[in-house]
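Asker: Have a look at this one.
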Amino acid sequence: MRDQLASKTKVVAGNIRKTREFRNYTQDYLAAKLGISQNAYSKIELGYSRLTLERLFQISTVLEVEVMQLISFDDIKLTQIASPSREIIVNT
Numbered sequence: 287m288r289d290q291l292a293s294k295t296k297v298v299a300g301n302i303r304k305t306r307e308f309r310n311y312t313q314d315y316l317a318a319k320l321g322i323s324q325n326a327y328s329k330i331e332l333g334y335s336r337l338t339l340e341r342l343f344q345i346s347t348v349l350e351v352e353v354m355q356l357i358s359f360d361d362i363k364l365t366q367i368a369s370p371s372r373e374i375i376v377n378t
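If you count the sequence shown from 1, position 21 lands on 307 in the numbering used here, and the numbers rise without skipping.
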């Protein structure tokens, strides 16, 4: 059970990182928007920090994606990263 949870946590953390990189945002930028240090934000992307629902919604708002796109556990299929003006498909 713990292994499954750890695996899913890593997938969510990876989805956050991939989306941030797609947007060409730095960890410093996200950290500033979230009001946390770059080190604390890095721990989120590495899966070392527990994410609250509130923090997950904050991250999705800054990244301009739906929370469901960040918590998708299907890392084999394509994930769509939508923005107000376009839709891009990125391999996960």
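No residue lacks a Cβ here, since even glycine has one placed at the ideal position from N, Cα and C.
In this text, all values refer to a predicted model and were calculated from it rather than measured experimentally.
#1: Can you tell which of 296, 293, 302 has its C-alpha closest to the C-alpha of residue 356?
#2: Please state the DSSP three-state secondary structure of residue 305.
#3: Please classify residue 331: is it buried, with 16 or more other beta-carbons within 10 angstroms of its beta-carbon, or exposed?
#4: Please state if the CB of residue 313 and the CB of residue 327 are separated by a distance shorter than 8 Å.
#5: First and last residue of the alpha helix (DSSP H) that includes residue 348?
Answerer: Checking against the coordinates, here is how it stands:
#1: The candidate whose alpha carbon is nearest that of residue 356 is 302.
#2: In the three-state scheme derived from DSSP, where H, G and I count as helix and E and B as strand, residue 305 is classed as helix.
#3: The Cβ neighbour count for residue 331, taken over all protein chains shown within 10 Å, is at least 16; the residue is labelled buried.
#4: The Cβ atoms of residue 327 and residue 313 lie closer than 8 Å to each other.
#5: 339-349 is the extent of the alpha helix (DSSP H) around residue 348.
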